[in-house]
Amino acid sequence: SDLIRTYNANGFPFDVNMQIYFVDSLYTKLDSLVSPNQIILKSGTVNSTTGMVTSSTSTTYDATLTKPRLTHLKTSKYLLIRAVANTSNGGATNVKIYSNYKIDFKLGLQVQINTKI
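Letter by letter, the sequence shown follows residues -16 to 100 of our numbering.
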């Protein structure tokens, strides 16, 4: 089936709730990609004693491309990303931010094409 897949490896001590909007040239929202209340970037693993991230956490999110959504994707001019971040464990763990922390985020599209030969 047709889908949009996001893959990420989060090395920051933040859980990120994200939404991706398809908008036209006037920034009118045509569609949204993520089901509400989904944490797309899960916090890296945090050492509760030091507050340092000890390893990244990988997450994959798939969104099905329905015909209306595919039409909106084709007619959209921009993608807007809205993100809300909380420190790990809902803010219950003290964290530290270091310059070597990183996020690897990839967005891919998988579609099936039907043609007559």
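Virtual Cβ for every residue (Gly too), placed ideally from N, Cα, C.
Predicted, not measured: the structure shown is a model, and the values here were computed from it.
- The DSSP-derived three-state label of GLY73 is helix.
- The three-state reading of DSSP puts LEU53 in helix, counting H, G and I together.
- In its chain, beyond the 5 residues on either side, TYR61, LEU63 have a beta carbon closer than 8 Å to the beta carbon of TYR10.
- Contact between ASP(-2) and SER26 holds: their C-beta atoms lie close to 5 Å from each other, under 8 Å.
- The stretch 18 to 37 makes no contact with the stretch 47 to 57, as fewer than three CB pairs between them are under 8 Å.
- CA-to-CA, the gap between ILE3 and ALA(-8) works out to about 18 Å.
- In the DSSP assignment, the residues bridged to GLN2 are ARG65.
- Assigned with DSSP and collapsed to three states, THR43 falls in strand.
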